[in-house]
Every structure is written in structure tokens, then in C-alpha cells.
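In the working numbering, the protein residues as written are 450 to 525.
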């Protein structure tokens with residue numbers, strides 16, 4: 450995974466679940482207009498989203514998805 454893709458994943462992980470559909474719609478719109486896209490505006494928007502991040506919890510994210518999948522699929 451490239452550093453840019455990793456950064457994109459980290460920013461997307463900060464978005465509340467109820468806003469994901471709207472963000473995906475924006476991304477699709479950007480993709481459709483990629484040739485005329487203002488990438489500075491996109492990066493700026495990503496920076497604005499970081500204000501909602503609780504930086505004290507970033508360390509807890511390491512391995513959280515994998516653990517959730519193990520718990521989800523565990524035989525009870």
C-alpha cells in the first residue's frame with residue numbers, strides 16, 4: 450500500500466459511520482471529474498476532517514479491525 454493510500458485510509462477511518470455514504474458519493478464525483486479535479490482542495494478537505502479525530506485513541510486502532518473480525522466469526 451502506498452503512503453498516500455495509507456493516509457487516505459487513516460482519514461476515512463476518522464469519519465463517523467453515518468457520514469460514510471455522503472463521503473463515498475463525493476469520492477465518486479471526484480473520480481468522474483478526475484481530469485479537472487483540484488487536488489489541493491481534496492487534500493485540504495482531508496486536513497479539515499482531522500479536527501474530529503481523537504488522537505489519544507489512534508494507538509488503539511492497531512489491529513482493531515482484525516480483532517473485530519475474529520470476534521465476529523468466532524464459534525460460540
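Idealized CB from N, CA, C, for every residue including glycine.
Just so you know, the alpha carbons of residue 489 and residue 503 end up roughly 24 angstroms apart. According to the DSSP assignment, residue 468 belongs to no alpha helix (DSSP H), since it is labelled neither H nor E. Three or more beta-carbon pairs separated by less than 8 angstroms link the region 455-463 to the region 497-512, which places the two stretches in contact.
In this structure, 457 is the residue among 452, 451, 457 and 450 with its C-alpha nearest to the C-alpha of residue 498.
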